[in-house]
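Taking it in order: structure first as structure tokens, then the write-up.
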Amino acid sequence: MSTLTTLAAETSTSTGEAVQFWVLAPLAVVGALCTVLLRRAVHSALCLAGTMVILALFYLANGAYFLGVVQIVVYTGAVMMLFLFVLMLVGVSATDSLKETLTGQRWLAAACGLGLGILLLSGIAQASAGSFTGLAEANADGNVHGLAALLFTRYVVAFEITGILLTIAAIGATLLTHRQRIERNKTQREQAEERVRKGTQVTPLPAPGVYARHNAVDLPGLLPDGTPSELTVNATLRARGQVREVHAEALAGVAALEEHTARYHGQRRPKRAVTAPRGAAVTGGAEEPPATQTTQAAAGEDGAGSTGDAAAASRDAEEARK
Amino acid sequence: MNPENYLYLAALLFTLGACGVLLRRNAIVVFMCIELMLNAANLLLVTFSRMHGNLEGQIMAFFVMVVAAAEVVVGLAIIVMVYRSRHSASVDDASLMKL
Numbered sequence: 001m002s003t004l005t006t007l008a009a010e011t012s013t014s015t016g017e018a019v020q021f022w023v024l025a026p027l028a029v030v031g032a033l034c035t036v037l038l039r040r041a042v043h044s045a046l047c048l049a050g051t052m053v054i055l056a057l058f059y060l061a062n063g064a065y066f067l068g069v070v071q072i073v074v075y076t077g078a079v080m081m082l083f084l085f086v087l088m089l090v091g092v093s094a095t096d097s098l099k100e101t102l103t104g105q106r107w108l109a110a111a112c113g114l115g116l117g118i119l120l121l122s123g124i125a126q127a128s129a130g131s132f133t134g135l136a137e138a139n140a141d142g143n144v145h146g147l148a149a150l151l152f153t154r155y156v157v158a159f160e161i162t163g164i165l166l167t168i169a170a171i172g173a174t175l176l177t178h179r180q181r182i183e184r185n186k187t188q189r190e191q192a193e194e195r196v197r198k199g200t201q202v203t204p205l206p207a208p209g210v211y212a213r214h215n216a217v218d219l220p221g222l223l224p225d226g227t228p229s230e231l232t233v234n235a236t237l238r239a240r241g242q243v244r245e246v247h248a249e250a251l252a253g254v255a256a257l258e259e260h261t262a263r264y265h266g267q268r269r270p271k272r273a274v275t276a277p278r279g280a281a282v283t284g285g286a287e288e289p290p291a292t293q294t295t296q297a298a299a300g301e302d303g304a305g306s307t308g309d310a311a312a313a314s315r316d317a318e319e320a321r322k
Numbered sequence: 001m002n003p004e005n006y007l008y009l010a011a012l013l014f015t016l017g018a019c020g021v022l023l024r025r026n027a028i029v030v031f032m033c034i035e036l037m038l039n040a041a042n043l044l045l046v047t048f049s050r051m052h053g054n055l056e057g058q059i060m061a062f063f064v065m066v067v068a069a070a071e072v073v074v075g076l077a078i079i080v081m082v083y084r085s086r087h088s089a090s091v092d093d094a095s096l097m098k099l
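Protein sequences appear in the order of chains H and Z. Residues 1 to 322 (the numbering used here) make up the first sequence, in order. Residues 1 to 99 (the numbering used here) make up the second sequence, in order.
This is the structure:
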């Protein structure tokens, strides 16, 4: 701490600080440029976080130790994380549209920015101050002590008002994002009745783990005959078109496994294949007992979930006939 | 090295932030550029604090940080609300006061 204090207390900057500045300042500018120019909002956020960390180092070099730490904790820690949270809510893949609503707005904006930059830089160049005082006196008791002494005496009213401001901001944010529920929550019974009334998918959707060959949620589970079932993937992923293809090797593996099982069952219990629902009726023909008719009717309703079973069972039935 | 270089850097960052606000359409990126401008102003205040040898500049920077935090909270809440009603975070789409 004492070395740091002396470092910032000097009335001219050391070579070390110059090296730090010339290494980090270009990085900060590049980070700011990337924040403005990168099309993905997440990339912009990461570049901005980098720039903020570099600014924190500059604060430390300028003797503002408290602010340097607060910059890292509050800005890169809290504010940027809040930004990332909202980005995740809004959708990471959302990119800027390149369509200009106002013609020539981009060039006008760039020109305005350039003008502002020239104005600011020339203004600083005009007001050149050769020497500077340094913080030796002010930071004598330590930077935090000095800040606290000012904050709780001369600026105590402003400090209290900031407290009120933060409270109001917190209340405002919860009020803004709060959504009032207009209709009543459906009970489980009502949901069940509605599902039966609709009749499209009475049973629960097939679980992704059954016959799945992968842990990822965007990979569909495989039906017993090896075809991937779209129903096992989350509806949101299906709507976004983010369902991944199942590898052909995995499909072949399942097919081979099924064939092996079918052969095994064909040898060990030849008469069990009667329970086959729909496929058996197609391939089995007249020699099947009438019990298949009822099972077929029962299985007819629930679509994709049972077709796989049917295909596997039909293979079973074929084995049984031999 | 002259500490004025910090002032030039701050001016440059502020300009870049201003350009971003004017150029970008995504409301969140516009917000991030505003944060960049606030940070540039903070760097300026901290440098001035060192140049003049008192801590007033750092106190100002501290208050800017607190106000920026409050602003981010409310602003992001507004963005989330606009996104909910319009399914877009583009500033061009939010052209009406209400739907």
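Each residue gets a CB set at the ideal place from its N, CA and C atoms; glycine is no exception.
Which complete alpha helix (DSSP H) runs does the region 111-195 of chain H hold, if anything under 4 residues is left out?
Within the region 111-195 of chain H, the complete alpha helix (DSSP H) runs of at least 4 residues are 143-151 and 156-177.
The alpha helix (DSSP H) that contains glutamine 327(H), what's its start and end?
Absent from the structure is residue 327(H), since the part of chain H shown begins at 1 and ends at 322.
Could you pull out every residue in the same chain whose Cβ sits closer than 6 Å to the Cβ of asparagine 42(Z), ignoring the five residues on either side in sequence?
For asparagine 42(Z), where only same-chain residues beyond five positions count, the Cβ hits under 6 Å are Ala61 and Val64.
Short Cβ contact (8 Å threshold) for alanine 25(H) with leucine 22(Z)
Not in contact: alanine 25(H) and leucine 22(Z) (Cβ atoms no closer than 8 Å).
Are the C-beta of alanine 11(Z) and some C-beta of chain H separated by less than 8 Å?
For alanine 11(Z), the closest Cβ of chain H is nearer than 8 Å.
Suppose the cutoff is 6 Å on Cβ atoms and the five residues either side in sequence are ignored; what does the same chain contact list for alanine 49(H) look like?
Here the set comprises Thr76 and Met80.
Starting from alanine 77(Z) and walking both ways along the alpha helix (DSSP H), at which residues does that stretch end?
For alanine 77(Z), the enclosing alpha helix (DSSP H) begins and ends at 56-86.
Which residue marks the beginning of the alpha helix (DSSP H) containing methionine 32(Z), and which one marks its end?
In this chain, the alpha helix (DSSP H) harbouring methionine 32(Z) covers 27-52.
Using C-beta distances below 7 Å, list every residue in its chain close to proline 204(H), excluding the 5 sequence neighbours before and after it, in chain order.
None.
To the nearest whole angstrom, what separates the beta carbons of glycine 53(Z) and threonine 133(H), a pair I think is in contact under 8 Å?
Glycine 53(Z) to threonine 133(H), Cβ: 3 Å. Contact.
Would the region 139-154 of chain H and the region 62-75 of chain H be scored as touching if the rule is three or more Cβ pairs under 8 Å?
Yes, the region 139-154 of chain H is in contact with the region 62-75 of chain H.
Flag this pair as yes or no: are the beta carbons of valine 73(Z) and alanine 41(H) separated by less than 8 Å?
If you check the CB distance, valine 73(Z) and alanine 41(H) do not come in under 8 Å.
Run down chain H in chain order and give the residues with a C-beta less than 7 Å from the C-beta of valine 80(Z).
Here the neighbours are Val86, Leu89 and Thr177.
C-alpha gap between alanine 70(Z) and histidine 178(H), whole angstroms:
Between the C-alpha atoms of alanine 70(Z) and histidine 178(H) there is a straight-line separation of about 18 Å.
Taking only three categories from DSSP, how would you classify arginine 24(Z)?
It is coil, neither helix nor strand.
Any idea which residues DSSP pairs proline 228(H) with across the strands?
In the DSSP output, where bridge partners are listed per residue, proline 228(H) has Leu222(H).
For the ligand FMN, is there any heavy atom lying closer than 7 Å to the beta carbon of cysteine 34(H)?
The model depicted lacks the ligand FMN and carries no ligand whatsoever.
Report yes or no: is there a C-beta of chain H within less than 8 Å of the C-beta of valine 111(Z)?
This structure cannot settle anything about residue 111(Z), because the visible part of chain Z is limited to 1 through 99.
How many Å lie between leucine 33(H) and glycine 17(Z) at the Cα?
One C-alpha to the other measures close to 9 Å.
Spell out whether any CB of chain H is found under 8 Å from the CB atom of serine 85(Z).
Chain H has no Cβ within less than 8 Å of the Cβ of serine 85(Z).
Between alanine 77(Z) and leucine 38(Z), what straight-line distance do the alpha-carbon atoms span, to the nearest angstrom?
Rounded to the nearest angstrom, the gap between the Cα atoms of alanine 77(Z) and leucine 38(Z) is 19 Å.
Roughly how many whole angstroms lie between the Cα atoms of glutamate 17(H) and tyrosine 83(Z)?
The alpha-carbon atoms of glutamate 17(H) and tyrosine 83(Z) are separated by roughly 45 Å.
Can you list the residues of chain Z that phenylalanine 328(H) reaches, using a CB-CB cut of under 9 Å?
Since the first residue shown for chain H is 1 and the last is 322, residue 328(H) is missing from the structure and cannot be characterised.
Count the other CB atoms, across all protein chains shown, that sit within 10 Å of the CB of leucine 13(Z); report buried if there are 16 or more and exposed otherwise.
That one is buried.
Tell me, which residues are paired with serine 90(Z) by DSSP?
Bridge pairing for serine 90(Z): Asn26(Z) [DSSP].
For a contact meaning CB atoms closer than 7 Å, what does glycine 146(H) contact in chain Z?
Glycine 146(H) reaches chain Z at Leu55, counting residues in chain order whose Cβ is nearer than 7 Å.
Tell me the rounded alpha-carbon separation between phenylalanine 48(Z) and glutamate 183(H).
Their Cα atoms are separated by approximately 57 Å.
Using a Cβ-Cβ cut-off of 7 Å (strictly less than) and excluding sequence neighbours within five positions of alanine 28(H), which residues of its own chain qualify?
So the qualifying residues of the chain are Thr51, Ile54 and Leu55.
I'd like to know if alanine 94(Z) contacts chain H, where contact means its C-beta is closer than 8 Å to some C-beta of that chain.
At a cut-off of 8 Å, the C-beta of alanine 94(Z) has no neighbouring C-beta in chain H.
Could you list which residues in chain H have their beta carbon closer than 8 Å to that of alanine 41(Z), in chain order?
When 8 Å is used as the limit between beta carbons, alanine 41(Z) is near no residue of chain H, the shortest such separation being about 11 Å.
Could you confirm whether any beta carbon from chain Z is found closer than 8 Å to the beta carbon of arginine 240(H)?
No, arginine 240(H) does not count as interfacial toward chain Z.
Check whether the Cβ of asparagine 234(H) lies closer than 8 Å to any Cβ atom in chain Z.
At a cut-off of 8 Å between beta carbons, asparagine 234(H) makes no contact with chain Z.
Given a cut-off of 8 Å on the beta-carbon distance, is the pair isoleucine 34(Z) and alanine 89(Z) in contact?
Contact: no.
Which two residues bound the contiguous alpha helix (DSSP H) that contains valine 69(H)?
Residues 65-70.
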